[in-house]
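K.L.:
Residues 1 to 519, numbered by UniProt numbering, are exactly what the sequence shown covers, in order. The beta carbon of each residue, even a glycine, is placed where N, CA and C say it ideally should be. From a predicted model like this one, the values you see are computed outputs, not experimental measurements.
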Amino acid sequence: MGWSYMQHQNKQRSSPGLVNSWLRGPLRSNSSLFKLHALRRINLSYNNFSFSIIPSEFDQLSRLTYLNLSFSMFYGRIPSELSFLNHLVSLSLSSFLNYDETSLLHLGKVDFANLIQNMTNLRHLRLHQVNISSSIPKSLANLSSLTSLILGGCSLHGKFPDKVFQKLPNSIGNLNSLSRLSLYGCNFVGPLPSSFWNLSQLTHLDLSCTHFTGLVLPSTLGNLAKLTVLLLDSSQFSGALPSSIGNLTRLEILFLNNNSFSGQIQNSLGNLTKLETISISSNNFNGQIPASLGNLNDLKILDLADNNLDGVIPSSLFTVPSLNVLLLASNQFTGPLIIQNISSSQLEILDLGENKLDGRIPRWLGSSLQILNLQGNNFNESIPHELFTYGSMHNKMRVVDLSHNQFQGRVPQSLINCSKLQILNLGHNQINLSFNNFNGSLPSEYFRNWGYMSKAPDGNELNMTYFSKYKEVPNQSYAYKYSVSMMNKGSEMELWKALTLFKSIDLSNNRFDGEIQVA
């Protein structure tokens with residue numbers, strides 16, 4: 001493995017780093033690595049140690065201040081001997097999940113307590129997806145220098161220690177320096193202590209998929225003014241958003257989806273000009289969309305779907321220069337869809353399905369659109385042919401769902417331009433023109449140019465995923481998934497997972513005339 005080279009380097013700098021170096025094979029207890037007693041830093045993250053155990057011989061490197069073995073395919077129990085490395089400032093042992101979604105690494109309750117008790121100099125502790133399956137020791141409050149704590153996916157449970165977030169006497173110390181806190185997927189019970197919101201140095205907070213009780217965002221949320229990432233999704237929050245959320249002027253990522261928030265969306269969100277992602281879908285928000293959201297020039301993803309929002313959709317949303325994804329489905333929006341000055345839009349996904357919108361579809365929705373879902377509204381008149389004319393054969397459209405509206409007239413011939421089209425639903429189904437009053441003929445050119453419909457894409461190309469730029473939050477990505485309904489012998493079935501394999505065409509119950517095309 002080339003430890004002789006590392007030994008030479010050790011004499012020079014005492015800081016070998018072999019991160020992501022394609023190392024393979026087990027790390028054995030007799031490795032010459034453990035003879036390099038002067039080492040202060042070791043980074044072996046993102047390698048492949050073939051499911052071998054972490055050698056207990058690391059305790060021989062007593063001068064270590066930095067140890068990173070994260071995501072390197074170690075397996076089994078983390079040795080208790082690591083707790084003897086009491087000079088460590090940074091310890092990272094985060095793990096991948098096994099094929100059956102169990103943790104590769106586990107840490108016993110006593111070992112976890114000893115590790116925390118002995119390593120009083122720790123500033124960074126990262127144990128993401130290490131199976132600990134215990135409560136958090138109260139001694140965690142003694143790590144006064146801690147700035148980064150990542151315990152997501154660790155199967156922790158019990159009541160979170162109050163003293164961790166209380167202001168403690170100077171002789172004991174506190175966590176006022178904490179800048180990153182991830183408790184994703186933990187099983188803590190009970191309320192969050194009120195002093196939690198006094199951690200004013202936090203830049204990254206992840207409480208998603210937790211089970212704390214009585215969760216309401218207090219006005220003291222505004223104390224966390226340095227936050228850039230706030231992840232509170234799927235965690236049983238309720239109540240209204242405090243206006244003090246407008247104090248988080250550094251915020252870039254906001255996930256509040258899958259909770260029970262209610263009331264109106266705060267107009268002060270429009271003050272957070274660095275926001276790139278807002279996901280507050282699947283809540284009970286009501287009222288109108290604040291027009292101030294149109295001022296967020298860096299916004300890329302806006303997901304307000306599945307709430308009780310109403311009124312007219314602000315036209316200013318369609319002029320946000322960076323917006324890629326706009327999801328407003330399953331609300332109560334009304335009136336015509338008014339869109340102006342969209343020529344510079346980067347919009348790729350537009351989902352306004354299941355609302356009460358009416359009138360005519362705008363003739364122009366930008367040059368970048370790939371997924372258009374307007375199903376379940378009251379749009380009427382004919383489908384404008386201009387919608388599919390941009391770019392001739394280079395049109396980017398992949399999904400068009402205009403079903404369950406009140407369209408009439410002919411199918412626009414400009415659909416021939418959509419050479420990348422995979423799903424077209426003008427009635428009920430994939431390539432679905434059924435149960436409408438469309439008439440006329442279907443030119444054979446349609447079927448020649450719609451070649452993408454006969455392909456089974458690798459993965460599911462319709463799952464357009466926008467990954468968080470924060471790579472240390474592996475649970476956070478953003479995907480848009482699409483289902484289709486198919487009519488088979490009079491029975492309707494919805495398909496979610498078969499889009500990569502299922503190929504069908506349904507033109508039933510219409511008034512088309514002429515020959516059946518064989519193209």
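What does the alpha-carbon distance come out to for the pair Ser-179 and Leu-309?
P.N.:
Taking the CA atoms as reference points, Ser-179 sits about 35 Å from Leu-309.
K.L.:
Beta carbon of Leu-426, beta carbon of Leu-402: below 7 Å?
P.N.:
yes
K.L.:
Do you know whose CA, among Pro-362, Asp-206 and Ala-240, lies nearest Val-216's CA?
P.N.:
Comparing Cα-Cα distances from Val-216 to each of Pro-362, Asp-206 and Ala-240, the minimum goes to Ala-240.
K.L.:
Go ahead and pull the three-state DSSP assignment for residue 521.
P.N.:
The question about residue 521 has no answer here: the residues shown for the chain are numbered 1 through 519.
K.L.:
Using C-beta distances below 6 Å, list every residue in its chain close to Glu-81, excluding the 5 sequence neighbours before and after it, in chain order.
P.N.:
Ser-56 and Asp-59
K.L.:
Nearest-angstrom Cα distance between Asn-377 and Thr-319?
P.N.:
23 Å
K.L.:
Within 10 Å of its beta-carbon, does Gly-153 have 16 or more other beta-carbons around it, so buried, or fewer, so exposed?
P.N.:
buried
K.L.:
Would you give the residue range spanned by the beta strand (DSSP E) that Val-325 belongs to?
P.N.:
325-327
K.L.:
Taking the alpha-carbon positions, what's the Asn-98 to Leu-104 distance?
P.N.:
6 Å
K.L.:
Determine the direct distance from the alpha carbon of Leu-61 to that of Leu-36, and round the result to whole angstroms.
P.N.:
7 Å
K.L.:
Shortest alpha-carbon distance to Ser-263 belongs to which of Asn-247, Ile-280 and Ser-322?
P.N.:
Inspection of the sequence shows that residue 263 is occupied by Gly rather than by Ser. Looking at the Cα atoms, Ile-280 is the closest of the given residues.
K.L.:
In the DSSP assignment, the beta strand (DSSP E) including Lys-356 goes from what residue to what residue?
P.N.:
356-359
K.L.:
Quick check for students: name the residue ranges of the beta strand (DSSP E) that lie wholly in the region 374-424, counting only runs of 3 or more.
P.N.:
378-381 and 399-401
K.L.:
Quick test of your reading: Asn-324 and Asn-307, contact by CB under 8 Å. State the CB separation rounded to the nearest angstrom.
P.N.:
In fact, because the Cβ distance is near 21 Å, the residues do not count as touching under 8 Å.
K.L.:
Would Cys-209 and Ser-238 qualify as a contact pair, given that the criterion is a beta-carbon distance under 7 Å?
P.N.:
Not in contact: Cys-209 and Ser-238 (Cβ atoms no closer than 7 Å).
K.L.:
Can you tell me which of the three DSSP states Asn-247 falls into?
P.N.:
helix
K.L.:
Looking at the structure shown, is Gln-60 part of a helix, part of a strand, or coil, going by DSSP?
P.N.:
helix
K.L.:
If you drop the 5 nearest sequence neighbours on each side, which residues of the same chain put their C-beta closer than 6 Å to that of Ser-382?
P.N.:
Gly-409
K.L.:
Name the residue from Leu-302, Thr-213, Pro-314 and His-385 whose alpha carbon lies nearest to the alpha carbon of Arg-363.
P.N.:
His-385
K.L.:
Quick one: give me the first and last residue of the beta strand (DSSP E) that Leu-350 is part of.
P.N.:
349-351
K.L.:
State the beta-bridge partners of Ser-92 as determined by DSSP.
P.N.:
Beta-bridge pairing links Ser-92 to Asn-68 and Arg-126.
K.L.:
Using alpha carbons as the reference points, say which of Leu-317, Asn-417, Ile-78 and Val-110 lies closest to Ser-139.
P.N.:
Val-110
K.L.:
Hey, out of Ser-94, Ser-45 and Leu-64, whose CA is closest to Phe-34's CA?
P.N.:
Leu-64
K.L.:
Just verifying my parser: in three-state terms, what is the DSSP assignment at Thr-228?
P.N.:
coil
K.L.:
How far does the alpha helix (DSSP H) with Gln-117 in it reach, from first residue to last?
P.N.:
Bounds of the alpha helix (DSSP H) holding Gln-117 are 109-118.
K.L.:
Would you report the Cα separation of Val-130 and Ile-78, rounded to the nearest angstrom?
P.N.:
9 Å
K.L.:
With distances taken Cα to Cα, identify the nearest neighbour of Ser-50 among Ser-32, Leu-23, Tyr-66 and Trp-197.
P.N.:
Leu-23
K.L.:
Classify Gly-190: buried if its beta carbon has 16 or more other beta carbons within 10 angstroms, exposed otherwise.
P.N.:
With fewer than 16 Cβ atoms within 10 Å of its Cβ, Gly-190 is classed as exposed.
K.L.:
What does the alpha-carbon distance come out to for the pair Gly-108 and Ile-132?
P.N.:
6 Å
K.L.:
For Asn-258 and Leu-27, what's the separation of their Cα atoms in angstroms?
P.N.:
43 Å
K.L.:
Counting along the chain, where does the beta strand (DSSP E) carrying Gln-332 start and finish?
P.N.:
Going by DSSP, Gln-332 is part of the beta strand (DSSP E) stretching over 332-336.
K.L.:
Would you list the one or two residues that DSSP bridges to Asp-298?
P.N.:
Looking at the DSSP assignment, Asp-298 forms no beta bridge with any residue, so it has no partner.
K.L.:
Going by DSSP in three states, Gly-222 sits in which element: helix, strand or coil?
P.N.:
helix
K.L.:
Whole-angstrom Cβ separation of Leu-181 and Leu-149, contact assumed at under 8 Å?
P.N.:
That pair is a contact at about 5 Å.
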